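Those letters in the sequence shown? Residues 1 to 149, by UniProt numbering.
Ideal placement from N, C-alpha and C gives every residue a C-beta, glycine not left out.
The model shown is predicted, which means the values in this text are computed figures rather than measured ones.
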Amino acid sequence: MSSDNFLLSGELTDHGHRLVQRVYYEDTDFSGVVYHARYLHFLERGRTDYLRCLGCEQSALLVADEEGLVFVVHRMEIDFKQPARMDDVLTITTATEKAGGAKMVLSQEIRRGDTLLIAAKVVIAVINKHGRPRRLPETIADKFLGHGA
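The structure is reproduced here in C-alpha cells:
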C-alpha cells in the first residue's frame, strides 16, 4: 500500500482499524452540530477502509469467484453519547467481534480525542452477487479475526 493510500485509509491496529476524519460544514446542521445521519457516513468510511487495509477491497471481492462476495449491513445499533461539531477531528475505530458463517459483527466508535461520541454495533450479512446468503471464506474471516476486539 502506498503511503498516500495509507494516509487516506487509516491504519490497522492491534485491536482493529483507526481512521481520522475532520468534520466539514457539509456534515453539520444550521447550528454547526453534526447531523445525526452523517455519523452513518463516518462509520461506513471506517468499515470500508478497514476492509481495504486488510486487503479485502469490495470491488475485487464481487468478482473474485463465480459466486461473488458482498457485505451488507443487516442491523445497526447506535448510541449517540455527545455531538461532534464543525472542524472537530474525529477518530473512527472499527473492531471485529465475530467473523464466520454468513455474518460478521463489528464494533465501532467515534471519538473526539478521549471523548466517546458514538458507539455502534454493526451486524454485516455476507451475500453473493445474486443477493443470497453465503459463507464467509475462512481466509477472509481469519483476516478479520486477526484484528478483532
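- By the CB criterion at 8 Å, Ile118 and Lys143 fall outside the cutoff.
- Between His130 and Lys103, the gap from beta carbon to beta carbon reaches 8 Å or more.
- In its chain, beyond the 5 residues on either side, Leu136 and Ala141 have a beta carbon closer than 7 Å to the beta carbon of Gly100.
- In this structure Val20 touches Val89 by the C-beta definition: roughly 6 Å separates them, less than 8 Å.
- Apart from the 5 residues on each side of it in sequence, His36 has no Cβ closer than 6 Å to any other Cβ in its chain.
- Assignment of beta-bridge partners to Met86 by DSSP yields no partner.
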